[in-house]
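Under the working numbering, the first residue of the sequence shown carries the number 26, and numbering increases by one thereafter. Quick reminder that beta carbons are idealized off the backbone N, C-alpha and C, glycines included. Working notes, structure below.
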Amino acid sequence: MRTVPSIIHLDMDAFFAAVEQAAKPSLRGKPVVVGGLGGRGVVATASYEARRFGVHSAMPMAQARRLCPNAAFLAGRFAAYRENSEIVMGLLRERSPLVEPLSLDEAFVDLEAGPYGPALAEADPAAGAQLVLAVAEDLRADILERTGLTASVGAAGSKLMAKIASEQAKPDGLVLVEIGSERAVLSPMPVRALPGIGPATEQTLRRAGLTTVADLADAGEAELVQLLGRAHGTGIHLMAVGHDERPVVPDRDAKSVSVEDTFEVDLADRDRILREIDQLTVRCVGRLRAAGRSGRTVVLKVRRFDFSTLTRSETLRAPTDDEAVIAETARRLALQVDTTGGVRLLGVGVSQLADYTQEDLFAQAAHAAEADAETEASAETGGADAAGTPPAEQPAPAVPPVLRRWLPGQDVHHAEHGPGWVQGSGVGRVTVRFETPYGPPGRVRTFAVDDPDLEPADPLPLRPS
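Structure below.
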């Protein structure tokens, strides 16, 4: 065990929504909700102003609109999130080569492996803790200066306690758990505070009268093994007593993203199974987008009443992070599995991950549609008409204009008014607010959706270069 709380966990505050507020002066201090805007969309991130109304991540967007109807509801701009994530991760790597990113906005850092390592090794516990606090405060100040965004940091002697400390620090704070105080910090917390304890495990523990982390520690390893199995029970007991020796693993590259649930009562109703698959998809896509990834293969896992486990997968033509596409594919896979005896566990996952997301896929789909149309036209004419007349002599067919799709929050540029972002569109019109991250709230203008002077644009940096 470490003698100095030299592992830190950094978590950006409401990252996606905070980037939108920093980029759009008119939204600062106002509720902002980022996520899928379709009928089955879910919240990716809500600003703290929106959270006061009960809006939270993974909530159906329709429910969020009911709770906070006056919020700004925006589609994600993953290029902007990735750009700012790279700045933050670069600042972390200046402190240590051991940086373990968990998503675009979250990472562990082992300070003992970096330039502060020798000083931490020589320091007594009190001096070492003060040095860690100073390093963490400097890190938060650098992030604010470079991006205008705030971060919460937890420092401790283990990844478990650093993560718990950063949760306590939110928003925009810093909490350090001193070595030796782990049990005191953990004891009053509910069992769900420990990683690996989900709803099903929580219910199992609750039936045994175990509701707090102190209860788990007092129960002992043997009882937890009897309740949860050897591997799970042993791991939960170690965490309950504050013991966690997991190292910080740099640049961990996940091969897949998945979620699963075990049910207290086996599911036999087909419609209920499909609804559970929809809910699992929501959570899976949330993790996928938080990591800034997309995936090409959808995987369904089914454990039946007799504990036999089946997996079915389908590989798509291109990577996606589209919730509707993944849910539809998972539902289709479920129809291939015999569930008449009941289902004990369901899981939805995505593999063959890629580094680009939905924004790239819109462009891919447009290019593919154009290519398919050209191929079909060529196949129909065979290079000449039925009378053998060369194509060059035929009149060009009328091509209907392609109406652009303008998404709320999207970056645009107008030939006269300059940079701005889409507030909304409909009935052939698009409303744009013209402002930049570096000035006051801007004015609003409305244009035809096919206005030739209005073009999609790249995100502006949050700080002038």
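9 angstroms or more divides the Cβ of Ala-97 from the Cβ of Phe-78. Under the three-state reduction of DSSP, Leu-127 is assigned to strand. Excluding residues up to 5 positions away in sequence, Gly-60 and Met-86 lie with their Cβ nearer than 6 angstroms to the Cβ of Gly-66 in the same chain.
Contact between the region 290-310 and the region 336-354 is established, with three or more Cβ pairs separated by less than 8 angstroms. Taking the CA atoms as reference points, Ala-180 sits about 29 angstroms from Ser-281. Secondary structure note for Gln-377: its beta strand (DSSP E) is the uninterrupted segment 368-379.
Per DSSP, Ala-69 is one residue of the beta strand (DSSP E) stretching across 68-71. By alpha-carbon distance to Val-238, the top candidate from Ala-48, Ala-256, Gly-254 and Gly-260 is Gly-260.
The three-state reading of DSSP puts Gln-448 in strand, counting E and B together.
Between Leu-35 and Leu-117 a beta carbon distance of about 7 angstroms is seen, short of the 8 angstroms cut, so the two are scored as contacting. In this structure, the beta-carbon distance from Lys-184 to Ile-32 falls below 9 angstroms.
Rounded to whole angstroms, the gap between the alpha carbons of Gln-251 and Gln-193 is 32 angstroms. Counted as a single uninterrupted DSSP element, the beta strand (DSSP E) harbouring His-34 occupies residues 32-37.
Assignment of beta-bridge partners to Glu-339 by DSSP yields Val-323. Spatial neighbours of Ala-440 in its own chain (CB-CB distance under 6 angstroms, excluding positions within 5 residues in sequence) are listed in chain order as Asp-478. Spanning the alpha carbons of Pro-465 and Ser-51 requires a straight line of approximately 8 angstroms.
As a beta-bridge residue in DSSP terms, Leu-292 pairs with Val-368. Boundaries of the alpha helix (DSSP H) harbouring Leu-156: 150-172, taken from the DSSP string.
Here DSSP, grouped into helix, strand and coil, assigns Ala-473 to strand. Close CB contacts of Arg-337 within its chain, under the 6 angstroms cut and outside five residues either way in sequence, are with Leu-325, Leu-358 and Gln-361 (chain order). In this structure, Gly-449 sits away from Phe-459, with a CB-CB distance that is not shorter than 9 angstroms.
The Cβ atoms of Glu-45 and Ser-72 sit closer than 9 angstroms to each other. One alpha carbon belongs to Pro-94, the other to Val-474, and they sit about 25 angstroms apart.
Between the alpha carbons of Arg-171 and Asp-243 lies a distance of about 46 angstroms.
Nearest Cα to Thr-70 within the set Gly-63, Ala-89, Gly-64 and Asp-483: Ala-89. Tyr-141 sits buried, since 16 or more C-beta atoms from the chains shown fall within 10 Å of its C-beta. For Glu-137, the closest C-alpha among the options Thr-28, Gly-54 and Ile-222 is that of Thr-28.
The beta carbon of Val-210 sits closer than 6 angstroms to the beta carbons of Val-202 from its chain, once the five residues preceding and following it are set aside; these are given in chain order. Rounded to whole angstroms, the Cβ separation of Pro-462 and Leu-485 is 6 angstroms, and the two are in contact under 8 angstroms. Under the DSSP definition of a beta bridge, Pro-481 partners with Val-437. Under the criterion of beta carbons closer than 8 angstroms, Val-124 and Pro-275 qualify as touching, at roughly 6 angstroms. Excluding five sequence positions before and after Leu-99, the CB atoms of its chain that fall closer than 6 angstroms to its own CB belong to Glu-45, Val-59, Pro-433 and Gly-434, given in chain order. The C-alpha of Leu-169 is placed about 27 angstroms away from the C-alpha of Pro-143. For Arg-107, the enclosing alpha helix (DSSP H) stretches over residues 103-120.
Linking Val-323 to Leu-230 through their CA atoms gives a straight-line distance of about 32 angstroms. Counting every other CB atom within 10 Å of its CB across the protein chains shown gives Ser-177 a total of 16 or more, marking it as buried.
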